[in-house]
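Heads up: the sequence shown is residues -19 to -1, 1 to 280, going by mature numbering (1 follows the signal peptide of the UniProt record, and there is no 0).
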Amino acid sequence: MRRTVAVLTGVLLTVVATACGGDRGQTRVTPAPSPSGAVERPAAGDHQLTLSHGGADRRYLLHAPPGYDPTRPTALVIALHFYPGSGARLREMVGLDAVADRENFLVAYPDGQNGGFNALICCGTTDDVGFLKDLTAHLVRTWRADPDRVYLTGISNGGDMSFRAAVETEGLFAAIGVVSGGYSGPRTAAETYVPRRPVSVITFIGGQDRYAETFTEGVRTWQRRLGCTPATGRAQAGAPGVTRTDARCGDGSDVTVYTVANMGHSWPGAPTGELAAPDAGLVATQLVWDFFAAHPRRS
């Protein structure tokens, strides 16, 4: 089973159009790629970088906020795109850079191989778990990312990959933010397929998403396996049709689930992009960061 979106591509000279194909978005000047073998010089701004992994040069965009200080530990969010997609398309859609500029954290947008990540039900055979480990280690070492405040977020295939990485990269990510993605597929069949160290989760599910039942059941399974105790009731959150549930798990992690009744397979609050839901009644990008900021890594 693959969750795909149609992508239209166009050729521009020095700019990249926003988000997923055919979008009516803004444009952003694309930073020049670093020359092969060039020494990275951590500084505020937008950087187009590569990391060698598994015999391939893996590309990623890195945004360092204006207040970035390479001598001080800085929180890091790694954002994973949909399939087929790219880090640049996700970046234009979700608006994480603006939040990073206000809150002073790094954002990395890696490209999946052939448009996707080897997650739970899709796509390919690339060792993306290993790649995320190496990327994080590089950013901790070179860009002074704070190892206690490293977070992972993604949509669709990128959301699935976030769940996989939460389980298979022991203690690497303090929390994950999953949008229209799920904990499902053959890998999740084993009762022992859960994180060995606490990883808190915030997730967003559209009631009109064809995979809503799969996503909801996956969260229930995650909570059951980790011995999570739900808070009483379902709280109204924002606009009508938006509900929120919270749970505290046996390992001390938290799970927050937003359900948006009238939303499909989308990113709530994203203003533009093929997977944008500007009228969802909440802004997932800000909520994801607020959740991350409240959940540094637990020892």
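From the three backbone atoms N, C-alpha and C, an ideal C-beta is built for every residue, glycine too. As the structure is a prediction and not an experimental result, all values here were calculated from the model.
| message | Give me, in chain order, the residues of the same chain whose beta-carbon lies closer than 8 angstroms to that of F112; leave out the 5 immediate sequence neighbours on both sides. | response | So the list reads L32, H34, G35, R39 and P91, once near-sequence residues are dropped.
| Does the segment 142 to 153 come within contact of the segment 99 to 117, defined as at least 3 CB pairs closer than 8 angstroms? | Cβ pair count under 8 angstroms is three or more, so yes.
| Three-way DSSP call (helix, strand, coil) for L268 in this model | Three-state DSSP puts L268 in a helix.
| said: To the nearest angstrom, how far is the alpha carbon of A171 from that of D109? | reply: So the alpha carbons of these two residues sit roughly 21 angstroms apart.
| field | Endpoints, beta strand (DSSP E) assigned at F185 | value | That run of the beta strand (DSSP E) goes S181 to G187.
| query | Among A275, H246 and I136, which residue has its Cα nearest to the Cα of I59? | reply | Selected option, being the one with the closest Cα: I136.
| Three-pair Cβ contact test at 8 angstroms for the segment 77 to 97 versus the segment 261 to 277 | Verdict: yes, contact present.
| Which same chain residues, not among the five before or five after Q152, have their C-beta less than 6 angstroms away from its C-beta? | Reading the sequence as shown, one finds Gly at residue 152 and not Gln. Same-chain partners within the cutoff: R178.
| query | Would you call the CB atoms of T134 and G187 closer than 9 angstroms? | reply | Taking 9 angstroms as the Cβ cut-off, T134 and G187 do not qualify as a contacting pair.
| said: Counting C-beta neighbours from all protein chains within 10 Å, is the total for P23 16 or more, i.e. buried, or is it exposed? | reply: Buried, since its Cβ has 16 or more Cβ neighbours within 10 Å.
| said: Applying the 10 Å Cβ sphere with the 16-neighbour rule, what's the burial state of E255? | reply: With a 10 Å radius around the Cβ and a threshold of 16 neighbouring Cβ atoms, E255 comes out buried.
| request: Return the residue from the list L57, D115, H28 and G68 that minimises the CA-CA distance to Q94. | output: The shortest Cα separation from Q94 among L57, D115, H28 and G68 belongs to G68.
| query | Where does D109 fall in DSSP's three states? | reply | DSSP places D109 in helix when its eight states are reduced to three.
| query | How big is the Cα-Cα spacing for A37 and S247? | reply | S247 has its alpha-carbon roughly 31 angstroms from the corresponding atom of A37.
| query | Under a three-way DSSP split, which group does L120 fall into? | reply | Residue state, collapsed to three classes: helix.
| query | Given a threshold of 16 other Cβ atoms within 10 Å of its Cβ, counted over all protein chains shown, does V200 qualify as buried or as exposed? | reply | A residue is called buried when at least 16 other Cβ atoms come within 10 angstroms of its Cβ; V200 meets this threshold and is buried.
| message | Taking the alpha-carbon of F185 as reference, which of Y64, A258, C230 and D50 has the nearest alpha-carbon? | response | Closest by alpha carbon: A258.
| query | When the Cα atoms are used, what is the spatial distance from D190 to G162? | reply | C-alpha separation (whole angstroms): 10 angstroms.
| To the nearest angstrom, how far is it from the Cα of V180 to the Cα of A228? | So the two alpha carbons sit approximately 13 angstroms from each other.
| request: Take the Cβ of P46 as the centre, count every other Cβ of all protein chains shown within 10 Å, and call the residue buried at 16 or more, exposed below. | output: P46 should be labelled buried.
| said: Rounded to the nearest angstrom, what separates residue 282 and D50 at their Cα positions? | reply: A query on residue 282 cannot be resolved here, the shown segment of the chain reaching from -19 to 280 and no further.
| query | Looking only at DSSP bridge pairs, what is V58 linked to? | reply | V88 and Y132, per the DSSP bridge assignment.
| request: Determine, using beta carbons only, whether F63 and G139 come nearer to each other than 9 angstroms. | output: Cβ atoms of F63 and G139: closer than 9 angstroms.
| query | Nearest to L120 by alpha carbon, out of P54, T253, R206 and V175? | reply | Ranked by how close their Cα comes to the Cα of L120, the residues P54, T253, R206 and V175 have P54 in first place.
| R177, DSSP secondary structure in three states | Reduced to three states, the DSSP call for R177 is coil.
| task | Give me whichever residues DSSP pairs with W248 in a beta bridge. | result | In the DSSP assignment, the residues bridged to W248 are A257.
| message | Among the candidates V159, R225, G233 and P211, whose CA atom is the shortest distance from the CA of W270? | response | Each of V159, R225, G233 and P211 was checked against the Cα of W270, and the nearest Cα belongs to V159.
| message | Among the candidates L116, T226 and A251, whose CA atom is the shortest distance from the CA of T210? | response | Relative to the Cα of T210, the nearest Cα in the group L116, T226 and A251 belongs to T226.
| field | Delimiting residues of the beta strand (DSSP E) encompassing S143 | value | S143 -> not in any beta strand (DSSP E); alpha helix (DSSP H) instead, spanning N138 to E149.
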